[in-house]
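Numbering (our numbering), first residue to last: 1120 to 1487. Each residue gets a CB set at the ideal place from its N, CA and C atoms; glycine is no exception. All values derive from a computational prediction rather than experimental measurement. Following: one structure in C-alpha cells, then a few remarks.
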Amino acid sequence: MSFTPILAVKCTFLKALERSARLIVVVAILSGFILWLCLFIIWYQRKKSKKITSSTELPFEHQLSRVSYGELFRATNGFSKNNVLNLDHIGASKSFISECRTLGAIRHRNLVKILNVCSSMDYHGNDFKALLYEYMVNGSLENWIHQGKEEDVEHEHKYGKPGHLGLMQRLDIAIDIASAIEYLHKDCNPKIVHGDLKPSNILLDNEMMGRVGDFGLAKISSVATTEAIDFDNHNNSMAVRGSVGYVPPEYGMGDMVSTQGDMYSYGILLLEMFTGRRPTEEAFKDNLNLHTFVKMNMPNRVMEIVDSAIFNGENENDIERIRDCIAFVLGIGVACSMELSRDRMGMAEALKELHKIKAMYGAKQRLG
1120 MSFTPILAVK CTFLKALERS ARLIVVVAIL SGFILWLCLF IIWYQRKKSK KITSSTELPF
1180 EHQLSRVSYG ELFRATNGFS KNNVLNLDHI GASKSFISEC RTLGAIRHRN LVKILNVCSS
1240 MDYHGNDFKA LLYEYMVNGS LENWIHQGKE EDVEHEHKYG KPGHLGLMQR LDIAIDIASA
1300 IEYLHKDCNP KIVHGDLKPS NILLDNEMMG RVGDFGLAKI SSVATTEAID FDNHNNSMAV
1360 RGSVGYVPPE YGMGDMVSTQ GDMYSYGILL LEMFTGRRPT EEAFKDNLNL HTFVKMNMPN
1420 RVMEIVDSAI FNGENENDIE RIRDCIAFVL GIGVACSMEL SRDRMGMAEA LKELHKIKAM
1480 YGAKQRLG
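Below you can see the structure in the form of C-alpha cells.
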C-alpha cells in the first residue's frame, strides 16, 4: 500500500507526456501542410505572373524594334509600288494590330515572314503604320502572269520585266499557295482566314517559291471549330472584305467570312494563273465571269483559253500531255470557285489533287 501514491503520480505523468507527444505530432503535421500550401501558392502565382507577362505585357508588335516613317520612306524609294503592298488599306490602324498578332503566331515556309514594324507619323502629321516583310526578289505573281500587257507596264519589277512562267513553275506555285492556306485553315489554332487571296498578294522568292503575304484582312476565329467569322463583330473597320473579282458571292449578301471564302478566291486565282485572264476584265459581266468562262470551255476547248505563255520552252510533241495537265488544274479551279460555298472543293482535297497532277505530269515528262 505504501507504493500506491507513487504509481498514481507516475501514471498521471505518463498520460500527460503521451498527450503532449500527440499534440506535437499534430502541430508538426499541420505546420508542414500549411508551409507546403504557402509554397505552392507562391509558386503558382509566380508561374501565372510569367504567363501574363509573356502574353499580355509583351504583345508581338512590341517585341520588334521600330523604324521611323523617314527611314521607311527612304528604304522603299518613296513607297514605290515595286516595294509596297496595299499602302492604301482603309482602317489601317486596327488592321495593323490584327496583322501583327496574326503573323506573330504563324510559321510556314510558304508564308512571307514579317521582319519589323513601323508605327509613326508621316510628313503631314498623319498616323502611319506599316509592316516590313521579308524582301522577295522576284516580285509578285501578278507581275509574272500579266507582264506582257500594256496596262501592267507600271507594275514591272525593278530589275526589269519578269520572264515567262512555264507549266511546271505555275503548278509548283499553285501547290505552294495551297500548302500555305491549308496550314492557315487546319494547322493554326485558332484557324486563320486570309481574306484577300489574289496574284498581287503572292510573292516569289529567289527560288521562285510562292509565298502568301499581306494579311491586312486576315481574321482569326475565336473558336477553333468555328468555320465562319463575323467581320462586323471584330475590331476591323474595313468596309471591303477582299478584292473585287476574288470575293465569293456570299460575302456580297452579308455572310460571314469563312475558310470557304478563301477557297473561292483560290479557285479564281488558279484559273487566272493558267488562263492569263483577270476576273475583272470588261468581258466578264452580267452572268459571265472567269469561273463560268472556263467551265463552258471545258474540256474540249481548253487549248483555246489557256495562257499561251505556258508553252514557251515546251516540246511540241508534249502538247497532249500539257493539255491534259492544264485541264485537270482548271477543273480544280472550277471546283474551288463554285457559286455555293457548300459545293466547293476543300483545300486538303485540292492540294492532294494538285500533287497527283504534278506526279503524273512529271512521270510523263520523264518517259517522253
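| Asked | Found |
| --- | --- |
| Local conformation of M1240 per DSSP, three classes | strand |
| DSSP-derived helix/strand/coil call for S1362 | coil |
| For V1246, the residue or residues it bridges with in DSSP | Correcting the residue identity first, residue 1246 is Asp in this sequence and not Val. The partner list for D1246 (beta bridge, DSSP) reads M1240. |
| The stretch 1239-1251 contacting the stretch 1304-1316, beta-carbon criterion three pairs below 8 Å | no |
| Pairwise C-alpha distance: R1440 and F1247 | 51 Å |
| L1322 - containing beta strand (DSSP E), residue span | 1321-1323 |
| Pairwise C-alpha distance: L1388 and F1412 | 14 Å |
| Beta-carbon contacts of K1533 that lie in its chain and below 6 Å, excluding the five residues immediately before and after | Any property of residue 1533 remains undetermined from this structure, which presents the chain solely from 1120 to 1487. |
| Identity of the residue in I1233, S1384, D1324 nearest A1297 by Cα | S1384 |
| N1325 burial status per 10 Å Cβ neighbour count (16 or more: buried) | exposed |
| 8 Å Cβ shell around K1477 - same chain, five flanking residues per side excluded | M1287, L1290, D1291, I1294 |
| Among M1479, L1156, N1308, M1457, the one whose alpha carbon lies nearest that of N1408 | M1457 |
| Backbone CA spacing between N1504 and Y1252 [nearest angstrom] | Nothing can be reported for residue 1504: it is not among the residues displayed for the chain, which extend from 1120 to 1487. |
| Of the listed residues A1249, F1393, D1462, nearest to D1443 (C-alpha basis) | F1393 |
| DSSP state of L1459 mapped onto helix, strand, coil | coil |
| V1421: first and last residue of the uninterrupted alpha helix (DSSP H) it sits in | 1421-1424 |
| Distance, D1374 Cα to F1152 Cα | 58 Å |
| Which listed residue (R1420, G1329, F1159, S1460) has its alpha carbon closest to that of K1232 | G1329 |
| Selection from P1368, N1419, I1225, I1300 that minimises the alpha carbon distance to G1406 | Before going on, a small fix: residue 1406 reads as Asn here, not Gly. Nearest of P1368, N1419, I1225, I1300 to N1406, Cα basis: P1368. |
| Buried or exposed (CB count within 10 angstroms, at least 16 for buried), W1162 | exposed |
| Cα-Cα separation, G1386 to A1249 | 29 Å |
| W1263 classed as buried or exposed, judged by whether at least 16 other C-beta atoms fall within 10 angstroms | buried |
| CB of S1239 within 7 Å of CB of S1187, strictly | yes |
| Exposure label - R1141; buried when at least 16 CB within 10 Å | exposed |
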